[in-house]
Amino acid sequence: MTPLKKLALFGLLALPLAGCMKEESIDQSVLCTYSTDAEAKLCKPGQMSWFKAGKAVSQTLPLSVAAAYCDFNHQIMYNEAGVICVFTDKRLSLVK
C-alpha cells in the first residue's frame with residue numbers, strides 16, 4: 008500500500024472519531040443559583056447552574072429539577088441537597 012493510500016485510509020478511519028473530540032467550553036466562572044422555578048428562568052442556556060434544595064425536600068425533587076433544567080449532554084451531579092449541571096431552557100415549557 009502506498010503512503011498516500013495509507014494516509015487516506017487513516018483519515019477515513021479517524022473521521023468518525025472527530026465528533027468524540029469536540030470540546031465545548033463551559034464558563035466555569037459563573038454559577039446561576041436557584042431554589043424556585045422563577046429563579047431558574049433567570050439562568051441562561053449553557054451556564055453552570057446550582058439548584059439549592061430547601062430543608063423539607065422530597066427525594067424526587069432533585070431528579071425533577073434535573074429533568075426540567077439540565078443539559079443531558081453534560082455531567083449532572085445531584086443528591087438530596089441539590090443539583091449542579093449545565094442549564095438548558097429547552098424544556099421550560101414542561102415546567103408547571
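In this text, residue positions in the sequence shown follow my numbering: the first is 8, and each later residue adds one. Quick reminder that beta carbons are idealized off the backbone N, C-alpha and C, glycines included.
Do you know how far the Cα of residue j is from the Cα of residue i?
| i | j | result |
| --- | --- | --- |
| residue 99 | residue 55 | 16 Å |
| residue 44 | residue 86 | 18 Å |
| residue 57 | residue 66 | 17 Å |
| residue 84 | residue 73 | 9 Å |
| residue 52 | residue 81 | 12 Å |
| residue 76 | residue 94 | 6 Å |
| residue 48 | residue 9 | 58 Å |
| residue 89 | residue 38 | 14 Å |
| residue 78 | residue 62 | 25 Å |
| residue 69 | residue 36 | 23 Å |
With a cut-off of 8 Å, does the C-beta of residue i fall near any C-beta of chain B?
| i | result |
| --- | --- |
| residue 52 | Among the chains in the structure shown there is no chain B, since it carries only a single protein chain. |
Going by C-alpha to C-alpha distance, which of the options sits closest to residue i?
| i | options | result |
| --- | --- | --- |
| residue 33 | 92, 101, 46 | 92 |
| residue 71 | 40, 35, 101 | 101 |
| residue 97 | 64, 50, 69 | 50 |
| residue 46 | 64, 59, 68 | 59 |
Segments of 4+ residues assigned as alpha helix (DSSP H) that fall wholly inside the stretch 32–96: 44–47, 68–76
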